[in-house]
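Participant: In our numbering, the protein residues as written are 1 to 197.
Please read through the structure below; I'll follow up with questions.
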């Protein structure tokens, strides 16, 4: 990666692949993503938690990818609670309980069709930003976002209105793809080193 010392452009990263130039775009989350928060089916009806549909809670967003959940709901539960079946590749963050270090800034990408609780928010890209790029961005900024913007006294939460106004800078799609591959390679090497030690 090349070192970019052009101080006239405030929206250009310091390190960059040499084949790319120009400023990154700046946009709000609300302009780039459809945002959706889920719900919790009533536990009074046991049939609603007797199904095969993934139901993601905020405490399960620990790994890069999420393929399975502790609890699963039925089609009846999804229908009765207007729960969207999110497609594979959906980016999900925790928005409730952000006073806790283990929850604040956590996020995952789905590898199976899933539903989510109201303690989570899902992002579906409208056009210009890949969810893998958003994942890397949120891993870097999510903890600070939670500390600065979460609201509440006892329990601190992020709301739709707050999240949609966040600005995100991003490169063209080809540069995003190259960055994603580069970050993935680094993650793989770190994982290999951790296994050795």
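C-beta atoms are modelled at their ideal positions from N, C-alpha and C, and glycine is treated no differently.
#1: Quick test of your reading: residue 131 and residue 105, contact by CB under 8 Å. State the CB separation rounded to the nearest angstrom.
#2: Once you ignore the five residues that flank residue 30 on each side, which residues in its own chain have a CB closer than 7 Å to its CB?
#3: Can you check whether the CB of residue 151 is closer than 7 Å to the CB of residue 98?
#4: Bridge partners of residue 148, per DSSP?
#5: When the Cα of residue 33 is compared with those of 137, 79 and 122, which residue comes out closest?
#6: With H, G and I counted as helix, E and B as strand and the rest as coil, what does DSSP make of residue 25?
#7: If you follow the alpha helix (DSSP H) that residue 34 is in, where does it begin and where does it stop?
#8: List, from N- to C-terminal side, the alpha helix (DSSP H) runs of 4 residues or more that fit wholly inside the segment 31 to 92.
#9: Considering only their Cβ atoms, is the gap separating residue 53 from residue 73 smaller than 7 Å?
#10: For residue 23, tell me which candidate among 175, 193, 179 and 171 has the shortest Cα-Cα distance.
#11: Identify every residue that forms a DSSP beta bridge with residue 170.
#12: Compare the beta carbon distance of residue 49 and residue 75 with 7 Å and say whether it is the shorter of the two.
#13: Between the alpha carbons of residue 178 and residue 133, how many angstroms are there, rounded?
#14: Going by DSSP in three states, residue 267 sits in which element: helix, strand or coil?
#15: Could you tell me which residues DSSP pairs with residue 109 in its beta bridges?
#16: Mind checking which residues open and close the beta strand (DSSP E) that includes residue 125?
Facilitator: Well, looking at it:
#1: On the chain shown, position 131 is the one that residue 131 refers to. On the chain shown, position 105 is the one that residue 105 refers to. 17 Å between Cβ atoms; not a contact.
#2: If you number the chain shown from 1, residue 30 lands on position 30. Closer than 7 Å at Cβ, skipping near neighbours: 164 and 165.
#3: On the chain shown, residue 98 is found 98 positions in, with the first residue counted as 1. On the chain shown, residue 151 is found 151 positions in, with the first residue counted as 1. Not closer than 7 Å, so no.
#4: Position 148 of the chain shown, counted from the first residue, corresponds to residue 148. The partner list for residue 148 (beta bridge, DSSP) is empty, contrary to what the question assumes.
#5: Translated into positions along the chain shown, residue 33 becomes position 33. Comparing Cα-Cα distances from residue 33 to each of 137, 79 and 122, the minimum goes to 122.
#6: To locate residue 25, count along the chain shown from 1; it is residue 25. In this structure, residue 25 counts as strand in the three-state DSSP scheme.
#7: What you label residue 34 is simply residue 34 of the chain shown in a count that begins at 1. Careful: residue 34 lies outside any alpha helix (DSSP H), inside the beta strand (DSSP E) at 33 to 37.
#8: 75 to 80
#9: What you label residue 73 is simply residue 73 of the chain shown in a count that begins at 1. What you label residue 53 is simply residue 53 of the chain shown in a count that begins at 1. Their beta carbons are under 7 Å apart, which means residue 73 touches residue 53 by this criterion.
#10: Sequence index remark: in the chain shown, residue 23 carries index 23 (1-based). Among 175, 193, 179 and 171, the Cα nearest to that of residue 23 belongs to 171.
#11: As a working mapping, residue 170 is identified with position 170 in the chain shown. 25.
#12: Walking along the chain shown from the start, residue 49 turns up at place 49. Walking along the chain shown from the start, residue 75 turns up at place 75. Cβ distance not < 7 Å, so residue 49 and residue 75 don't count as in contact.
#13: The residue you call residue 178 lines up with position 178 of the chain shown. The residue you call residue 133 lines up with position 133 of the chain shown. For residue 178 and residue 133, the distance between alpha carbons rounds to 10 Å.
#14: As shown, the chain starts at 1 and ends at 197. That puts residue 267 outside it, with no answer to give.
#15: Sequence index remark: in the chain shown, residue 109 carries index 109 (1-based). Answer is 65 and 91.
#16: Locating residue 125 in the chain shown gives position 125, counting from the first residue. Taken as a continuous stretch (DSSP letters only), the beta strand (DSSP E) holding residue 125 covers 120 to 125.
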